[in-house]
Amino acid sequence: MSYSNCCGHNDCRPCVEYIPCFGPAGPVGPTATNQFLSLGAGSAAILAVQTPITFSSTLATNGTDIAGLNPIILAPNHSYYVSYNINATSTATPGTLSGVLLLNGASITSSTASITTTGIGSESIAGQAIIRTTGNTTSTLQLATTASAINIFTLANAGISVIEIL
């Protein structure tokens with residue numbers, strides 16, 4: 027009896043040879059410490075001008091390169107992955123809600139997220155960025171909101187997570 031499979035073998039051998047999922051142990055070196063910070067904020071007014079969110083609780087933290095609440099303090103000469111979410115309620119007035127990360131007070135435009143509403147409802151926006159700090163001094167990080175007009179949005183809650191990647 028002859029047998030042919032899709033890879034041309036004329037027997038029941040598998041088409042892909044076994045590839046081990048592990049190899050020999052490598053050189054011993056320093057171990058990395060996972061550095062991260064996750065913060066939460068509760069209800070607050072959202073102003074029309076760019077206003078940093080005041081975080082009230084630390085949800086998770088590890089390490090010393092990322093610290094603080096308002097603002098977040100980042101160690102120099104590192105790269106960080108930052109993600110955020112903002113949940114708000116809107117009134118009957120149409121409007122636009124935006125969120126942006128601020129590094130040392132300056133907007134990181136690539137992190138901007140926004141939504142335009144047509145009336146009453148719950149709105150959510152989220153953004154992210156990879157940030158590189160330089161120099162010999164710490165940097166500050168904040169999450170700010172902007173609304174198209176005052177009294178359109180109320181912050182329901184917000185969160186920010188910072189993970190050191192290098």
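In my numbering, the protein residues as written are 27 to 192. Using N, Cα and C, we set each Cβ at its ideal position, and we do this for glycine too.
| Asked | Found |
| --- | --- |
| Distance, V54 Cα to A170 Cα | 43 Å |
| Under 8 Å between C-beta atoms of G66 and S82 | yes |
| P120 vs T138 beta-carbon contact at 8 Å | no |
| Cα-Cα separation, S187 to Y110 | 6 Å |
| As assigned by DSSP and simplified to three states, the class of L123 | strand |
| Environment of G131 [buried if 16+ CB atoms lie within 10 Å] | exposed |
| Inter-stretch contact (C-beta, 8 Å, three-pair minimum) for the segment 87–106 and the segment 154–162 | yes |
| Simplified DSSP state of T164, which is helix, strand or coil | coil |
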